[in-house]
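Student: Numbered per my numbering, the sequence shown spans residues 51 to 334.
Backbone N, C-alpha and C define an ideal beta-carbon position, used for all residues, glycine too.
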Amino acid sequence: MAKVSVLGLGNMGAAIAWAFHKANHDLVVWNRSSERSRPFADADITVAENPVDAIAASSFIVVCVDSNPVADSFLQADDVAAVLGGRTVVQFSTSTPKEAEASATWLASRSAHYIDGAIHCSPGHIGTDDAAFLLSGDKNIYGAVRPFLACLGGDQTFIGETVRAASALELASVCEVYGRFAAVSHAALICEAEGIPLDQLAALMPEGGFSQRYVETIRDGAFENPGATLRIWDSAIQRVRAQGHDAGIDTRFPDYLADLFNEAINDGLADEHVMALIKVLRKA
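(1) Starting from Lys329 and walking both ways along the alpha helix (DSSP H), at which residues does that stretch end?
(2) Counting pairs of Cβ atoms below 8 Å between the stretch 271-281 and the stretch 294-303, do you hit three or more?
(3) Would you call the stretch 59-72 and the stretch 173-181 touching, i.e. three or more CB-CB distances under 8 Å?
(4) Within the chosen definition, does the stretch 198-211 reach the stretch 227-236 through at least 3 CB pairs nearer than 8 Å?
(5) Would you give the residue range spanned by the beta strand (DSSP E) that Thr267 belongs to?
(6) If you run the structure through DSSP and keep just helix, strand and coil, what is Gln126?
(7) Looking at Val113: is its Cβ nearer than 8 Å to the Cβ of Phe90?
(8) Check Phe273 in the structure and name its three-state DSSP category.
(9) State the Cα-Cα distance for the pair Glu242 and Leu248, rounded to the nearest angstrom.
(10) What did DSSP end up calling Val195 once you bin it into helix, strand or coil?
(11) Measure the CB-CB distance between Ala154 and Gly187 and report whether it falls below 8 Å.
(12) Starting from Val56, trace the beta strand (DSSP E) in both directions and tell me its first and last residue.
(13) Is it right to say Ala299 is buried, meaning 16 or more other beta carbons lie within 10 angstroms of its own, or is it exposed?
(14) Cβ of Val79 within 8 Å of Cβ of Ile95?
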């Protein structure tokens, strides 16, 4: 099978890398913190010492870090930029449409190709039928990388050739999720204030749905070791707010949530379940 390099081995990046490995691709990985690379080294997967070696090793590069600016911090280093020519970068880091366009423009100036991707599922869904991806960019480049991405599973939706499109649609769709976070948290506060057991609130939610599970998480205080941490969710809502400012649209909705997430992180809740937001709201 073909060689692919994955840069960024957080929960999502690691899930992507393992999916490539299970599909028997010749895999090279790199992560800024060597601790995250150790399981891959133990599995006899090539661990690059730096981004230059990781990118030089493959023509197909997947980047999955916190944000496009974080990715740019190493991709645009002179020694890395020197080896990007002719390669295709699929960017799964969280971005705004403006950042996606800037990344594509800069990579094109280095004779590299760019596909912007947005992941619409949790790390545990990668490699399964429940995985979901939005992708945008040059359709011919997407056609070339699609076979590589097949092992990631699920539904891969090509939005179009406007490179901003995947990021824009992802940010738009995720607003519904953040609305649910806020709504469930406030609903739980009402019940706590009025002495109503959260079991009764959970029973009113669609059976097995996200809202019911979020209520149960609050009820049980089960905030440890989530699939996606509050820090991960914070990254996306900050991008929703940034997009609003870039586009000149009303930002009161993301402003409220972004400030709430900032407070939660300042309170030391970054690595907990997103519904640990309730701990911030209980302080009022």
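Tutor: Inspection of the coordinates gives the following:
(1) The sequence position of residue 329 within the sequence shown is 279, counting from 1. Looking at the DSSP string, the run of the alpha helix (DSSP H) that includes Lys329 is Leu327 to Leu331.
(2) no
(3) yes
(4) no
(5) On the sequence shown, position 217 is the one that residue 267 refers to. It is not in any beta strand (DSSP E) - Thr267 instead sits in the alpha helix (DSSP H) that spans Phe260 to Asp270.
(6) Taking the sequence shown and counting its residues from 1, the one referred to as residue 126 is at position 76. DSSP places Gln126 in coil when its eight states are reduced to three.
(7) Numbered from 1 along the sequence shown, position 63 holds the residue referred to as residue 113. Numbered from 1 along the sequence shown, position 40 holds the residue referred to as residue 90. No, these two residues do not count as a Cβ contact at 8 Å.
(8) Here residue 273 refers to the residue found at position 223 of the sequence shown. Three-state result, Phe273: coil.
(9) As a first step, residue 242 must be located in the sequence shown, where it is residue number 192. As a first step, residue 248 must be located in the sequence shown, where it is residue number 198. Answer to the nearest angstrom: the Cα atoms are 8 Å apart.
(10) For the purposes of this step, residue 195 is identified with residue 145 of the sequence shown, where counting begins at 1. Val195 falls in the helix class under three-state DSSP.
(11) As a first step, residue 154 must be located in the sequence shown, where it is residue number 104. As a first step, residue 187 must be located in the sequence shown, where it is residue number 137. In contact: Ala154 and Gly187 (Cβ atoms closer than 8 Å).
(12) For the purposes of this step, residue 56 is taken as residue 6 along the sequence shown, with counting starting at 1. Val56 -> beta strand (DSSP E) spans Lys53 to Leu57.
(13) Here the question's residue 299 lines up with position 249 in the sequence shown. According to the sequence displayed, residue 299 carries Ile and not Ala. Exposed, by the Cβ-count rule.
(14) Along the sequence shown, read from residue 1 onward, the residue named residue 79 stands at position 29. Along the sequence shown, read from residue 1 onward, the residue named residue 95 stands at position 45. The answer is yes: Cβ separation under 8 Å.
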